[in-house]
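What follows is a short report on a single structure.
Number of protein chains: 2
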Amino acid sequence: MTIKDIARQAGVSTATVSRTINEPGKVAPETRQRITDIINENHFVPNSIGKTLRTARTDQILAIIPSLSNDFYPSIMKGLLDTARQASYNVLFGVTDFSEREERRFMNMLTTKQVDGVLSFYSSLPVAELNHLAAGYPYIQGCEYSEGADLTYVAIDNEQAAYDAVSYLINKGHRSIGMISSNIYTYSEKYREQGFNRAKEEHNLDTGSRYIMRANYQYDSGFDACAHLLAQPDSPTAIFAVSDTLAIGASKCCVSMGMQPGKDISIIGFDNTTFSQIYNPSISTVSQPKYEIGCVAAGALIDRISGKDTANRRILMRHDLIIRASSI
Amino acid sequence: MTIKDIARQAGVSTATVSRTINEPGKVAPETRQRITDIINENHFVPNSIGKTLRTARTDQILAIIPSLSNDFYPSIMKGLLDTARQASYNVLFGVTDFSEREERRFMNMLTTKQVDGVLSFYSSLPVAELNHLAAGYPYIQGCEYSEGADLTYVAIDNEQAAYDAVSYLINKGHRSIGMISSNIYTYSEKYREQGFNRAKEEHNLDTGSRYIMRANYQYDSGFDACAHLLAQPDSPTAIFAVSDTLAIGASKCCVSMGMQPGKDISIIGFDNTTFSQIYNPSISTVSQPKYEIGCVAAGALIDRISGKDTANRRILMRHDLIIRASSI
DNA sequence: TTGTAAGCGTTATCAA
DNA sequence: TTGATAACGCTTACAA
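Respectively, the protein sequence lines represent chains A and B.
With our numbering, the residue at position 262 of the first sequence is 262, and numbering never jumps.
With our numbering, the residue at position 155 of the second sequence is 1155, and numbering never jumps.
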């Protein structure tokens, strides 16, 4: 069933059917009525592939995220959805599982014009390739960005955020502070490690690398990393983790060793996930304005698609330190 | 940049370029080399819209989920992704936020041939409409299904699952049992309520509707619902919740009232989320084989797309009762 | 092995 | 107000 069939049934040309669908005002009322009736009777829906081939627009944007098992993304996605829908864009999600191959598959949707733009929250593509893409297609990054890439991104200042969290701990009197970082080595984590060290340096604390343990993204891994840190000669009295998940793992570890987080040891996580609020003890954390990041990123992408904004910009959002029961 | 441009540069016809891309074996090695060189030099990627228009295949499937803020979906999605990728299908996600309008937008991608098939995990469309869609396009449902709809779905037996959980509590000696259901009234919840009542009836327990409180999907709401249940004259000694989220809210409520879940009161949730395992006390729960559901659903959809399987089937997966610290 | 050309479903220009 | 038709980028008989 195509507009051709509709046209035949209505005894008009395909042009008139197309007009009835897209510019009804330009069609005589009776003709229009006859055509819409036939369309409805047949449950006819125009093939958007044909339309896109002709118009080169899809009104769809694709958000690429590395993983679904992360309470961090839903809020961002909500901001994205709300903003995109307001501009009558449809949003699709692609999950890469950190695989470069999968990422390429989704990027192909951009280069092959299946979507009007892409918003990526993690990329493992070489910078040169990204630069080439970003120069030719609407592509911007959020939260995680590729160092040296010439493109627009929206994120927080991860170095400063970590610095703030660790400074807080130092000001509270902690002198031996450990960090649980991630072994999925992203720039955001690199910067958080730098912020961790800067805060320590400014107070002449030992910045030896043995204070930084790298874990994967699971609770258990945070547990183990914490155990390693506590086994050090000058066992840390405070731990800064790059995610709430890891912080909760660390909290569990401390409890298992008879320590009470917020009393015997301080723990600060990252991302302000639902978990960190609900967990007992509630976890202190660094909060990113997730919803706003989603909104701003979507807005930037849409501006880029519509040609309004062509200059690459680095948009930094504010962060907040939220102190809860897990730290003193 | 189109295959036409490549063809011109290589001094061949578009057909030869197309063959080089899709059936390289059918092109002479030298020609092929010349063409691939030009393709690479120009970073050329064939426009898939043109290809799709011609072949009527996209090799993409769309998974429609109602919400991202639910730890329940990631595992399902993982199964879906793994299965679909193995069959070299690309998977896209659409989030509806329970909005019928958004759902229609995504369904349009099916009817307008932007994707080869749809796998839906929640629908608010009228059954008649679904039947019409499912008859004409590859569309199957997972977990949540539309009663009376004539289509293939993959889910657990929600009635039996709830029956099993409540029977367990009764066998443990509980005589006053409350339920926290949801006010997003889906069939799965309806059946869980039925299972709850059936177990009670079989043991001649009071099935008065005052034992069922309906909450939304937030923790707080589970907390409040629990408070209402406990305020009853014959205050329940056990609570069955339709989600782990609500169960955790209930647990918090009990603790706030000086009761210890697993000792003074028993709580059983649903879905076996990460949360339910990590939370303290760990939450007893009914487990759905999430990953397998994703795999089976994707497999069924792909069979349907490829025309292998045309009969509508109701595929029931097994469920498990997992007893943890929150119940005795 | 390669080329020609029709056709996928739509929109948009131009003419009637 | 409507119709004829070219064009969007690609694949695929069929012919050479």
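Just so it is clear, CB atoms sit at the ideal spot from N, CA and C, and this is done for glycine as well.
No experiment lies behind these values; they were computed from the predicted model shown.
| Asked | Found |
| --- | --- |
| Using a Cβ-Cβ cut-off of 8 Å (strictly less than) and excluding sequence neighbours within five positions of residue 1121 of chain B, which residues of its own chain qualify? | 1063, 1064, 1065, 1066, 1073, 1076, 1141, 1142, 1143, 1144 |
| Report, in whole angstroms, the separation of the C-beta atoms of residue 1226 of chain B and residue 1249 of chain B, which I expect to be a contact under 8 Å. | 7 Å |
| Report all residues from its chain with a CB closer than 7 Å to the CB of residue 1183 of chain B; omit the five preceding and five following residues, and keep chain order. | 1214, 1215, 1216 |
| State yes or no: is the C-beta of residue 241 of chain A within less than 8 Å of the C-beta of residue 169 of chain A? | no |
| Enumerate, from N- to C-terminal direction, the unbroken beta strand (DSSP E) stretches of 3 or more residues contained entirely within the segment 240 to 321 of chain A. | 266 to 270, 284 to 287, 314 to 317 |
| If we ignore side chains and look at the alpha-carbon of each, how far apart do residue 164 of chain A and residue 139 of chain A end up? | 31 Å |
| CB-CB under 8 Å to residue 193 of chain A, same chain, minus the five flanking residues each way: which ones, in chain order? | 162, 179, 181, 212 |
| Can you tell which of B/1206, B/1244, B/1232, B/1205 has the C-alpha that lies nearest to the C-alpha of residue 1218 of chain B? | B/1244 |
| At 4 residues or longer, what runs of the alpha helix (DSSP H) sit wholly inside the segment 1009 to 1065 of chain B? | 1014 to 1022, 1029 to 1041, 1048 to 1055 |
| Should residue 1312 of chain B be flagged as near chain A, meaning a C-beta pair shorter than 8 Å? | no |
| Mind listing which residues of the segment 32 to 53 of chain A have their C-beta closer than 7 Å to chain B's C-betas, in chain order? | 43, 45, 46, 47, 48, 49, 50, 52, 53 |
| Classify residue 33 of chain A as buried or exposed, calling it buried when 16 or more other Cβ atoms lie within 10 Å of its own Cβ. | exposed |
| Can you tell me which of the three DSSP states residue 221 of chain A falls into? | helix |
| For residue 1090 of chain B, does the three-state DSSP call read helix, strand or coil? | strand |
| So for residue 1325 of chain B, helix, strand or coil by DSSP? | coil |
| Compute the Euclidean distance between the alpha carbons of residue 1285 of chain B and residue 1325 of chain B, then round it to the nearest angstrom. | 10 Å |
| Would you identify the three-state DSSP class for residue 1141 of chain B, choosing helix, strand or coil? | strand |
| Taking 7 Å as the limit between beta carbons, can you name the residues of its chain near residue 1307 of chain B, skipping five residues before and five after? | none |
| Taking the alpha carbon of residue 1271 of chain B as the point to measure from, which residue in B/1305, B/1260, B/1155 has its own alpha carbon closest? | B/1155 |
| Leaving out five residues on either side along the sequence, give the residues of the same chain with a beta carbon under 7 Å from the beta carbon of residue 323 of chain A. | 284 |
| Exposed or buried, what is residue 103 of chain A when buried is set at 16 or more other beta-carbons lying within 10 Å of its beta-carbon? | buried |
| Closer than 9 Å, Cβ to Cβ, to anything on chain B: give me those residues from the segment 256 to 289 of chain A, in chain order. | 274, 275, 277, 278, 279, 280 |
| Closest to residue 1274 of chain B by CA distance: which of A/311, A/220, A/294, A/232 is it? | A/220 |
| Going along chain A, which residues have a C-beta under 9 Å from residue 1094 of chain B? | 90, 91, 92, 93 |
| Work out the CA separation of residue 1013 of chain B and residue 1030 of chain B for me, nearest whole Å. | 15 Å |
| Is residue 1001 of chain B buried or exposed, if buried means 16 or more other CB atoms sit within 10 Å of its CB? | exposed |
| So for residue 119 of chain A, helix, strand or coil by DSSP? | strand |
| With the cut-off set at 8 Å, would you say residue 1109 of chain B and residue 1133 of chain B are in Cβ contact? | no |
| With a threshold of 6 Å on Cβ separation, who are the neighbours of residue 276 of chain A within its own chain once the five nearest residues in sequence on each side are excluded? | 244, 269, 283, 285 |
| Does DSSP put residue 153 of chain A in a helix, a strand or coil? | strand |
| Using a Cβ cut-off of 8 Å, pull out every chain A residue sitting near residue 1113 of chain B, in sequence order please. | 47, 48, 49 |
| Where residue 1167 of chain B and residue 1254 of chain B are concerned, what is the direct C-alpha to C-alpha distance, given to the nearest angstrom? | 22 Å |
| Determine, using beta carbons only, whether residue 108 of chain A comes closer than 8 Å to chain B. | yes |
| Give the secondary structure of residue 1107 of chain B by DSSP, where H, G and I count as helix, E and B as strand, and everything else as coil. | helix |
| Considering Cα atoms alone, identify which of A/40, A/246, A/28 is closest to residue 3 of chain A. | A/40 |
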